[in-house]
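Accompanying notes for the structure given below.
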Ligand code: PA5
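Numbering (our numbering), first residue to last: 283 to 818.
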């Protein structure tokens, strides 16, 4: 066996060799030209951004557009998986009467759907209620602000954050802020803060904002959420130091029409403000001004977004179970949960749709996770996760179902090059004219089959392409599905006492006035607990 002796780096001869090598590399690098994207054509995502910046619209009202943009659910691998707790089509059919009853109650706004006195189903008819005038008014505010700023910061958490970020990332370039303003279609850079309290992340984001003229939308329905309020305090102070009283002009507050600290602040300081309707909870609010302001800032076509919601509202109003994707979706998930499945892996083959899976991670667990109920939603990006928890999905505990978010058409096509030597044996791909898009579809189709054989019931939701219309359709379908799920599980999906519990504990721990009694109780509880710590 040949062994290699490692020399210590302080050996003078080795230092000299390393040093020469370094210089040699620098010289070599200097000779290298930058990579040119010859043969790739223009990035279609950028073309879409530029078109949107010019206010050029997709023909979302035409028949052919609507026909080409239908979301489908494929249940081929959902039934009769080879394991004891498999589902059958019969399980779903047995549920139809209960699902239709829930559907009827939802339409009539009956049942356990109130937060206090308010029925929280305002999202249901919202697509019909949004007026052209409202959208035009909102856009005139955002375009005026957009002209004056370099960067836009959206502050919020949970439902006041995830839907905006998901839609923004789904429809824009992955490195949006690094593109020129022209390639962003004239939109400012877009940032999100307030979704966590990590000072390093916060500081890094502030570094990116250094020297830029910023506009802010602070979003909080309650107006009292700690993370959002602290983020706003810091950003507001920096803006005040830079622009004094003027800074109020660059601040938008999106909050309740009369309650909460943020409403008071907005009224006192004269911020431009938008209202979150009483009867729509955070995670159902992406079509309200919570979502629309940030999306308009990024030049996303909000009329098209509304049209997608409207179309899915029309589709999901039907009482014909098998023609109603929201009802089918709800029934399948409920049947799976009843059979002991308690994890739903939501996997996508599209980086752009991964944040949409994260939006689902909020919508479903925050609505279903009551009284010991509900599926844990685990967002996954494939292929990446196939080389990680993919092993668990294939062969771990059989308590999993899987939902694929399959993007049918990516913006761009990338061909796989022929290679002279073909050492990796992949020349058959270009020979058959198969490109990266073809492979990326197999990243869903392959696991769907393999996981089915491994005992994981799975469905594929195919999203035609990255458009505001398709996201609107998808969001509405999921909102309706989770509402039905609440009726089936027998609890109110529109409240979140668990989230409120953590907020209360945080307020008490940080010593917020008004929470003294709870802080005392917490301190006593914690004192009584046995300390178990392991130190390395
Ligand atoms: O869906 C929800 O209701 C929550 O996730 C809220 O959106 C989240 O807690 C943020 O609340 P607020 O908008 O009151 O700051």
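All residues carry an ideal CB built from backbone N, CA and C; glycine is no exception.
Predicted, not measured: the structure shown is a model, and the values here were computed from it.
- Here DSSP, grouped into helix, strand and coil, assigns residue 385 to helix.
- Between the C-alpha atoms of residue 694 and residue 607 there is a straight-line separation of about 29 angstroms.
- Boundaries of the alpha helix (DSSP H) around residue 638: 636-650.
- Apart from sequence neighbours up to five positions away, the residues of its chain that approach residue 603 with a beta-carbon distance below 6 angstroms are 378, 609, ordered along the chain.
- As a beta-bridge residue in DSSP terms, residue 626 pairs with 659, 683.
- Note that the C-beta distance between residue 340 and residue 752 is not below 7 angstroms.
- Residue 775 has no beta-bridge partner at all, per DSSP.
- By DSSP's assignment, residue 556 forms a beta bridge with 536.
- Cβ atoms of residue 421 and residue 578 come within 8 angstroms of each other, at about 5 angstroms.
- Taking 7 angstroms as the cut-off, the beta carbon of residue 758 is found closer than this to the beta carbon of residue 595.
- For residue 664, there is no enclosing alpha helix (DSSP H), as DSSP marks it with neither H nor E.
- Annotation for residue 711: the continuous alpha helix (DSSP H) segment containing it runs 710-713.
- Of the residues 382, 396, 511, the one whose Cα lies closest to the Cα of residue 436 is 511.
- Any heavy atom of the ligand PA5 within less than 6 angstroms of a residue's beta carbon puts that residue on the list, which reads 439, 440, 441, 442, 502, 503, 504, 507, 510, 563, 564, 565, 648, 778, 781.
- Under the Cβ criterion (8 angstroms, minimum of three pairs), the region 650-670 counts as touching the region 620-629.
- In this structure, the CA atom of residue 600 is about 23 angstroms from the CA atom of residue 645.
- For secondary structure counted as the beta strand (DSSP E) over 3 or more consecutive residues, the region 388-450 holds these complete runs in sequence order: 433-437.
- Counted as a single uninterrupted DSSP element, the beta strand (DSSP E) harbouring residue 740 occupies residues 740-747.
- Burial state of residue 802 is exposed, judged by a 10 Å Cβ sphere holding fewer than 16 other Cβ atoms.
- The alpha-carbon of residue 656 is positioned some 17 angstroms away from that of residue 740.
- The Cβ atoms of residue 767 and residue 639 do not sit closer than 7 angstroms to each other.
- Excluding its 5 nearest sequence neighbours in each direction, residue 451 has C-beta neighbours in its own chain below 7 angstroms: 634, 637, listed in chain order.
- For the 7 angstroms CB-CB criterion, residue 412 and residue 588 form a contact.
- Taking the Cα positions, residue 403 is about 13 angstroms away from residue 649.
- The three-state reading of DSSP puts residue 690 in strand, counting E and B together.
- In the three-state DSSP reduction, residue 500 falls in the strand class (E or B).
- Per DSSP, residue 484 has no beta bridge partner at all.
- In the three-state reduction of the DSSP assignment, residue 585 falls in the helix class, which pools H, G and I.
- With fewer than 16 other Cβ atoms from the protein chains shown falling within 10 Å of its own Cβ, residue 713 counts as exposed.
- Within 10 angstroms of the beta-carbon of residue 793 lie fewer than 16 other beta-carbons, which makes it exposed.
- As the crow flies, the alpha-carbon of residue 743 is around 16 angstroms from that of residue 643.
- Counting only residues of its own chain and dropping the five nearest sequence neighbours on each side, residue 575 has a CB closer than 7 angstroms to the CB of 420, 424, 499, 534, 536, 556.
- Excluding its 5 nearest sequence neighbours in each direction, residue 362 has C-beta neighbours in its own chain below 7 angstroms: 368, 370, listed in chain order.
- Taking C-beta atoms as the reference points, residue 680 and residue 365 count as a pair closer than 7 angstroms.
- With contacts defined as CB atoms closer than 7 angstroms, residue 567 and residue 502 fail to qualify as a contacting pair.
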